[in-house]
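All residue numbers for the sequence shown refer to the working numbering, where the first residue is 49 and numbers rise by one. The beta carbon of each residue, even a glycine, is placed where N, CA and C say it ideally should be. A quick note: this is a predicted structure, and the numbers were derived from the prediction, not measured.
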Amino acid sequence: MKIIILGAGQVGGTLAENLVGENNDITVVDTNGERLRSLQDKFDLRVVQGHGSHPRVLREAGADDADMLVAVTSSDETNMVACQVAYSLFNTPNRIARIRSPGLCSRCG
Numbered sequence: 049m050k051i052i053i054l055g056a057g058q059v060g061g062t063l064a065e066n067l068v069g070e071n072n073d074i075t076v077v078d079t080n081g082e083r084l085r086s087l088q089d090k091f092d093l094r095v096v097q098g099h100g101s102h103p104r105v106l107r108e109a110g111a112d113d114a115d116m117l118v119a120v121t122s123s124d125e126t127n128m129v130a131c132q133v134a135y136s137l138f139n140t141p142n143r144i145a146r147i148r149s150p151g152l153c154s155r156c157g
């Protein structure tokens, strides 16, 4: 699968490590160049530096033909917007947004 991960922190890095080991084509997007270089030095994956909710950055990351986008940045809003952009502009079939604030999700129990 071609998977784009937004966020190169602990969650995104661990996710990338696990998914790259399963023969997936992984691209990690983050604004922090040091985190991206560290991941690229350790694993066979692509990196793109930029804001993951911006269409230009998503296009550079390969959203045109991605199978999945997983947004796990530290910003709930960025994660939600990125998933909406991936759906609306790129028709990304599978999208996951990490949302930590229960107030942002009207369907949460």
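Measure the beta-carbon distance from residue i to residue j and round it to whole angstroms, keeping in mind my assumption that it falls under 8 Å.
| i | j | result |
| --- | --- | --- |
| T31 | S101 | The requested residue 31 does not occur in the structure, where the chain is confined to residues 49 to 157. |
| A111 | I52 | 6 Å |
Does any residue of chain C bring its CB to less than 8 Å from the CB of residue i?
| i | result |
| --- | --- |
| D115 | Included in the structure is just one protein chain, with no chain C present. |
Looking at residue j and residue i, is the spacing between their C-beta atoms short of 8 Å?
| i | j | result |
| --- | --- | --- |
| T75 | R104 | no |
| V120 | F91 | no |
Between which two residues does the alpha helix (DSSP H) carrying residue i extend?
| i | result |
| --- | --- |
| M49 | Here M49 belongs to no alpha helix (DSSP H), and DSSP marks it neither H nor E. |
| N142 | From DSSP, N142 is part of no alpha helix (DSSP H) but of the beta strand (DSSP E) over N142 to A145. |
| L93 | Run containing L93: none; DSSP gives neither H nor E here. |
Can you list, in chain order, the residues of its chain with a C-beta nearer than 7 Å to that of residue i? Leave out the 5 residues immediately preceding and following it.
| i | result |
| --- | --- |
| A56 | V76, D78, N80, R83, L84 and L87 |
For residue i, which residues from the same chain have a beta carbon less than 6 Å from its beta carbon, with the 5 sequence-adjacent residues on both sides left out?
| i | result |
| --- | --- |
| V129 | S101 |
| G157 | The pLDDT assigned to G157 is 49, lower than 50, so where the model puts this residue is not dependable; a value taken from the coordinates is nonetheless given after this. There are no such residues. |
Along the chain, where does the beta strand (DSSP E) containing residue i start, and where does it finish?
| i | result |
| --- | --- |
| T75 | D73 to D78 |
| G119 | Per the sequence presented here, residue 119 reads as Ala, with Gly not at that position. It spans M116 to A119 - the beta strand (DSSP E) in which A119 sits, taken as one unbroken run. |
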